[in-house]
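There are 2 protein chains.
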Amino acid sequence: MSILGKLSFKDQAFKLRENAILDATTMILKDKGFDLMTMDDVASAVGISKPSLYKHFKSKEDLVGEAMIRLIDGAGDFLDQLDKDLKPIEVLSAMLEWALRVRLEGGMPFLPSTSAHVRDMLTRNLKYVGRVLKLNYQLEKLVAKAQKSGDLDASLPSDVILFSYYSRTCDPAVEFLQRYSKLDNEQIIKHMLQVCFAGLHGPRCD
Amino acid sequence: MSILGKLSFKDQAFKLRENAILDATTMILKDKGFDLMTMDDVASAVGISKPSLYKHFKSKEDLVGEAMIRLIDGAGDFLDQLDKDLKPIEVLSAMLEWALRVRLEGGMPFLPSTSAHVRDMLTRNLKYVGRVLKLNYQLEKLVAKAQKSGDLDASLPSDVILFSYYSRTCDPAVEFLQRYSKLDNEQIIKHMLQVCFAGLHGPRCD
DNA sequence: TATAAAAGCTACTAATTAGTAGCAAAATAG
DNA sequence: CTATTTTGCTACTAATTAGTAGCTTTTATA
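Residue numbers (this note's numbering), protein chains in the order written: chain A, 1 to 206; chain B, 1001 to 1206.
What follows is the structure, encoded as structure tokens:
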């Protein structure tokens, strides 16, 4: 069946549960954040005991690190399977759209920037840092190309564009709109993309 | 001296210390966030003991609520003293510029959106909610006028504009740029304003 | 059915921290 | 100089929670 079909039933079950744990972690992280998420929360959401949880992940930091890595890998996979003929700006737009959709469907927790504590923790996680650097490298190249072709503002430093772009993936306006407006998810995505690329002024000549 | 000059020296000193406590709270909130900020942190930053701190504020929630209220009041004061002849879009731009400058100078902690816990806490704080609603009302009117005059995109729902505008005041891109780019504070402000209003595409016709 | 091994759990520990009781020191008044 | 009040502090408590020791149950095997 799988490429490594040698996994016993037991090991398959183990892997399955590991995924269930990461799913629960992602959801809890999303609405409580790192500091308020307890290992008991995670264990009981999955329906196992805390010591069983520790059979899979050796610490809270490790668990959260793996959850974040899985998210980044999801982004990387999405990027890799995009049509190679798309223009850089179209790739950037598609990635942001994907990230917003994942978030609106409850998948993505708030990203590191939020708290110095969490940022430091992730910075110490070499596996995580490696993934971030790789993805960042790919996005940097896309931004540079899009600036050259005039699809992104060439007068802005590329740092500014890249960091602003990242910030849009975790823009709190998304949660506010979901909670307080009557817009549905697809409308929210459409408007957020427009605001990101065309700004609040909207497209115009002057 | 003051309008209520009846304050005794003792009461003046009390008021002064209260301000010092709020300053410390704001700074600590900024870099540790609510959950990791301890009352011992605040007390020792001010150079007093924890029980003395509790003479001023009856709980951690109360303390943080007052710090947030002071921030909002600062924004309200700034808004009120702006030139009445400015166009709505100029007022919005000036307010955002002010907020970014306050943040870059270390003043403003991350806003509520960050964590459900903090948001709930502030929602229960009626004094805080009152201030927010008042400021929000003023900004809503400015957005509506700017949309009518064509300075803000009239095709976007006003919710989307308002929430996106709020999000820019606590955009994590600011901290990233301050930490990892070579831009100085004024350059960061200029670029963030441009990205907010003109977007990542930059101004253009199509 | 008896035995061995694995999986999972209850119930603990050590550390942290919001909030407080009650004492000590200083200032003020008589 | 003594009495009273105010101010501030040390040292506690109760609650929470990451992480673990060691027992119990289940499963697999012979």
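Backbone N, C-alpha and C fix where the C-beta goes; we use that ideal spot for every residue, glycine too.
Distance between residue j and residue i (C-alpha atoms, nearest Å)
i	j	result
residue 1076 (chain B)	residue 1094 (chain B)	12 angstroms
residue 191 (chain A)	residue 41 (chain A)	35 angstroms
residue 134 (chain A)	residue 29 (chain A)	24 angstroms
residue 27 (chain A)	residue 1092 (chain B)	35 angstroms
residue 14 (chain A)	residue 130 (chain A)	26 angstroms
residue 201 (chain A)	residue 1151 (chain B)	6 angstroms
residue 153 (chain A)	residue 1195 (chain B)	9 angstroms
residue 1024 (chain B)	residue 1074 (chain B)	16 angstroms
residue 1043 (chain B)	residue 1126 (chain B)	26 angstroms
residue 1107 (chain B)	residue 1101 (chain B)	9 angstroms
residue 6 (chain A)	residue 193 (chain A)	Bear in mind that a pLDDT of 45 at residue 6 (chain A), under 50, signals an unreliable position, so the number given afterwards is only what the model happens to contain. Spanning the two alpha carbons is a distance of roughly 44 angstroms.
residue 1204 (chain B)	residue 54 (chain A)	55 angstroms
residue 146 (chain A)	residue 81 (chain A)	20 angstroms
residue 1012 (chain B)	residue 1124 (chain B)	30 angstroms
residue 186 (chain A)	residue 148 (chain A)	30 angstroms
residue 1141 (chain B)	residue 1132 (chain B)	14 angstroms
Pair within 7 angstroms by beta-carbon distance, residue i and residue j
i	j	result
residue 137 (chain A)	residue 69 (chain A)	no
residue 1034 (chain B)	residue 177 (chain A)	no
residue 1199 (chain B)	residue 197 (chain A)	yes
residue 1174 (chain B)	residue 1161 (chain B)	no
residue 1169 (chain B)	residue 1099 (chain B)	yes
residue 1181 (chain B)	residue 159 (chain A)	yes
residue 1039 (chain B)	residue 1058 (chain B)	no
residue 167 (chain A)	residue 1172 (chain B)	yes
Closest by C-alpha distance to residue i, when choosing among the options
i	options	result
residue 1217 (chain B)	B:1064, B:1139, B:1120	The displayed coordinates of chain B run from 1001 to 1206. Any statement about residue 1217 (chain B) would go beyond what the structure contains.
residue 188 (chain A)	A:118, A:12, A:105	A:105
residue 66 (chain A)	A:184, A:203, A:121	A:121
residue 37 (chain A)	A:16, A:179, A:63	A:63
residue 1183 (chain B)	A:124, A:185, A:157, A:165	A:157
residue 31 (chain A)	A:123, A:103, A:80, A:165	A:103
residue 1096 (chain B)	B:1056, B:1165, B:1141	B:1165
residue 1056 (chain B)	B:1119, B:1016, B:1081	B:1016
residue 1179 (chain B)	A:54, A:81, A:119, A:146	A:119
Could you tell me whether the segment 1016–1023 of chain B touches the segment 1043–1051 of chain B, where touching means 3 or more Cβ pairs closer than 8 angstroms?
yes
For the segment 1083–1090 of chain B and the segment 1057–1071 of chain B, state whether three or more C-beta atom pairs, one from each stretch, are separated by less than 8 angstroms.
no
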